[in-house]
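J.: In full-length UniProt numbering, the protein residues as written are 1 to 906.
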Ligand code: ADP
Ligand code: MG
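1. Say yes only if the C-beta of residue 107 is nearer than 7 Å to one or more non-hydrogen atoms of ligand 1, and no if none qualify.
2. Determine, using beta carbons only, whether residue 677 and residue 692 come nearer to each other than 8 Å.
3. Near residue 230, which residues of its chain fall below 6 Å by C-beta distance, leaving aside the five closest residues on each side in sequence?
4. If you measure from the beta carbon of residue 586 to each beta carbon in chain D, is any gap under 8 Å?
5. Would you tell me roughly how many angstroms separate the C-alpha atoms of residue 893 and residue 593, rounded to the nearest one?
6. Let me check understanding here. Comparing Cα to Cα, which of 155, 239, 316, 187 lies closest to residue 680?
7. Check the C-beta distance from residue 758 over to residue 704 and give it rounded, since I have them as a contact under 8 Å.
8. For the region 74-83 against the region 271-280, do three or more pairs of beta-carbon atoms, one drawn from each stretch, fall closer than 8 Å, so that the two count as touching?
9. How would the residue list near ligand 1 read, in chain order, if you kept each one whose beta-carbon is closer than 6 Å to any heavy atom?
10. Provide the residue(s) that pair with residue 600 in DSSP beta bridges, ordered along the chain.
11. Assuming the contact rule is C-beta atoms closer than 8 Å, residue 888 and residue 823 should be a hit. Round their C-beta distance to whole Å, please.
12. With residue 765 and residue 322 assumed to form a contact (beta carbons below 8 Å), what rounded beta-carbon distance in angstroms separates them?
13. For residue 286, which residues in the same chain have their Cβ closer than 6 Å to its Cβ, ignoring the five residues on either side in sequence?
14. Straight-line CA distance for residue 461 to residue 549?
15. Would you check if the region 116-123 and the region 771-780 touch, i.e. whether three or more CB-CB distances between them fall below 8 Å?
16. Would residue 212 and residue 3 be called neighbours here (beta carbons separated by less than 8 Å)?
17. Can you give me the Cβ contacts of residue 821 inside the same chain, cut-off strictly under 6 Å, excluding the 5 residues immediately before and after it?
18. Helix, strand or coil: which one does DSSP assign to residue 450?
19. Thinking residue 192 and residue 177 are a contact (beta carbons under 8 Å), I'd like their distance in whole angstroms, please.
20. If you check the beta carbons only, do residue 140 and residue 23 fall under 8 Å apart?
21. So what's residue 227 in DSSP terms, helix, strand or just coil?
22. Kindly list the residues whose CB is nearer than 6 Å to the CB of residue 58, restricted to its own chain and excluding five residues on each side of it in sequence; keep chain order.
23. Give me the Cβ distance between residue 428 and residue 435, rounded to the nearest whole Å; I'm assuming they're in contact under 8 Å.
24. Could you spell out where the beta strand (DSSP E) holding residue 367 opens and where it closes?
25. Return helix, strand or coil for residue 537, following the three-state DSSP convention.
26. Which value, in whole angstroms, describes the spacing of the CA atoms of residue 614 and residue 604?
27. If we ignore side chains and look at the alpha-carbon of each, how far apart do residue 232 and residue 311 end up?
28. Tell me whether residue 959 is buried or exposed, calling it buried when 16 or more other Cβ atoms sit within 10 Å of its Cβ.
29. Would you mind reading off the limits of the beta strand (DSSP E) that contains residue 487?
30. Do three or more CB pairs link the region 493-511 to the region 536-553 at distances below 8 Å?
31. Which residues bound the alpha helix (DSSP H) around residue 573?
32. Could you check whether residue 515 and residue 486 sit closer than 8 Å to each other, using their CB atoms as the reference points?
33. With DSSP run on the structure shown, which of helix, strand or coil describes residue 647?
34. Report yes if the CB atom of residue 324 is closer than 8 Å to the CB atom of residue 641, and no otherwise.
35. Thinking C-alpha only, which one of 277, 295, 157 is nearest residue 700?
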């Protein structure tokens, strides 16, 4: 197959022939063969990480430069051992940095592979949903509004088709497509019979034959890697940059003090002081921080994936922690989304019950408890016909369970439409040939602005326009009503009767749909919204869609977590209110006082009410159009809220983009909505959002705790140096010892901290304010505590051993300093909770880091070669144990502090 051929220059039939395909698509077998030949439909880019390059990158660091400088100084001062040690430290640091980054990269890759794109394709004459990477040239794909185009394809059939090609050509207006062949020299942007990978269907539907896949597509030619995870300058980036600056300032300032004291006040030898200063500087610069932050984010994002929330933009993970309002839709997110028609109310005033749940087309139609025969009921037949035809849901083969038995059929399509199709199938299963032969001519898909959908069809030789939508909308477009005797005038009385029934059902949390039709002899091959008028009213269906289990809990969790939950739905006010009560967005007995409980879009603008006040005080918004969604979000943002918003349709894209965290529905959502969002919910479930928010808060917590750890240990360390110099003592550690303690001990320990989980009350607090700094005054008590303990112990140990020689004294101090730092990790696992309360062993990685870190220290002290290099002196084991025990004082003091603040809070 020639993927470069200008397929736009030949007719549809010729293109199909040339691609050895036809309108029914390829066979599975042929597709498999081609997949082998042409490979996957993927953009190959710099997907894999090259470990070698990653390792070399570690040496590009500013820190390394400083270290090399230090080695130069050591060499100049003729401390050759120090030179070797410094190079050893450089190497170790590179290895550690490599592992940190490798881990982060791996996590990012794992996330990317989660973002699979699915597409509908004709194989063996049936529509199947496949992963887009499975497509081969010659495949016939089926696209509808909101889908993204999975490969380059020649249009075979299009209906009202418009695509958005901004991602490829920069043209932001939708482009109308048709099947006419074009000149061979037509520009890319003007090839109106082609669809391009990476663009979107804005309107209408299409059938198209794939002409090029993967790297051979136009998109593939211009971009060799399409990163699905976007890196944008975000709030969080700003915060971490500020953090890095703060830490750098602290470390430079304290190192400068060390130098000034050492050289000018105490008059140590220049090289000596310089070396120590460089060592303290290197130690206190938080060089590991960026990598640690990436790891924290990556771990958070991966935990979210396990909770069914897929992150498309890394920083959204952290942003979620600050969410203070969630704007959620109703159908499918708060509810189960297995919609079932349970009641039908016909134009002639009869009310029917429908039994059966789920998608299995088995159930009875009854009236007053008695089975009815649809064949005797003209109005019911017409309603079933509309339900069946005005629909874009499909039944596939029944899913086969693990035991080999067939289960529920696989269905695709909007759940509302599936419910209607299932209703029709239930009736048809009882009686064959119940409904006449129908040929669909054109389709206007549902759109949340219009709130209806329509299908133009040839019904038993008669052209009809079949319409389904929100009842009041359909009612307003109807002029007549269908009865057993045929259409009659739709009087106000009859309208009222429908309204009353609608309200009655909506109060019971049912989703109500109106069904209508008209004769359409005059309409040619294209249905337009103008045609949807003078309809003949047929009836309404009441659809039950119970709340998901767990949603009520999630809503109440939000309340304790200081997050406001607002429902923004296109559904009826009463339905919305009823569901809001069921899930707890409204309290069960809440009544209207100053503000109404729920509002409809047209009530937002009234003389007695100000839009802004309403948004601030009302939590249920119904019959809302996407544009109003956007306005609500904007107002909340202007009030300083951080807004998370859910959406699924094409029209939701602007609001999703505008929200701080756009959340698209993975199952129900269109590709357009997903592409505009930062988070995709693979289960469409509201409770998942709340779990993701929890993870977001943990991310912030872990970044904060890790940076507190770095700051407290570094600060205490430098404080020790400054004080001992002021006292006029020898340096308590040599430069190489300093480097080892700080780069090795800290480097290992902070990795453990990055994996900490949330504790107890993380969802009982208010959201992290939008512009909260990572470092705040909460660090001060820990800073003092850590400095006092480390300093006290160092002075005691140093003065105790000094009479026995500097080397032994330094060995003691080395253990004090490294062990207090190691123990401090346990303090930083939670800034409020006792480490015994959260479980000393509950963070495996901290424990591993603990063991590794201690082992490395013993290694340098007790192996003759290394202890020679570092100039350590063997310390009696009993002394060692006593010093370690004393170092654990950091934990006891911190525990006392935590106990004290908790006491005060009570
Ligand atoms: P939501 O998803 O928030 O419940 P929508 O904007 O999707 O609201 O739907 C608004 C109204 O439009 C629904 O109450 C229903 O009456 C009607 N409707 C929804 N989906 C469809 C559809 N696929 N076909 C016809 N009518 C629909
Ligand atoms: Mg919807």
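Yeah, the Cβ is synthetic: ideal placement off N, Cα and C, and Gly gets one too. These numbers come from a predicted model, not from an experiment.
T.: Put simply:
1. no
2. no
3. Per-residue confidence for residue 230 stands at a pLDDT of 43, beneath the threshold of 50, marking its modelled position as unreliable; no derived number is given.
4. Of the chains in the structure shown, none is chain D; there is only one protein chain.
5. 52 Å
6. 316
7. Rounded, the Cβ-Cβ distance is 13 Å, inconsistent with contact.
8. yes
9. 329, 330, 331, 414, 416, 417, 446, 448, 451, 452, 453, 468, 469, 470, 511, 513, 569, 570, 571, 572
10. 622
11. 5 Å
12. Contact doesn't hold; Cβ gap of about 12 Å is too wide.
13. 247, 710
14. 47 Å
15. no
16. yes
17. 713, 745
18. coil
19. 5 Å
20. yes
21. Residue placement at residue 227 cannot be trusted, given a pLDDT of 41 that sits under 50; what the coordinates show is reported in the next sentence. Here residue 227 sits in coil by DSSP.
22. 94, 97, 98
23. 7 Å
24. 365-367
25. strand
26. 7 Å
27. Any reading at residue 232 needs caution, since the residue's pLDDT is 45, under 50, leaving its predicted position unreliable; the model's value is listed next. Those two C-alpha atoms are separated by around 14 Å.
28. Residue 959 lies beyond the residue range present for the chain, which begins at 1 and ends at 906; the question has no answer from this structure.
29. 486-489
30. yes
31. 573-583
32. no
33. strand
34. yes
35. 295
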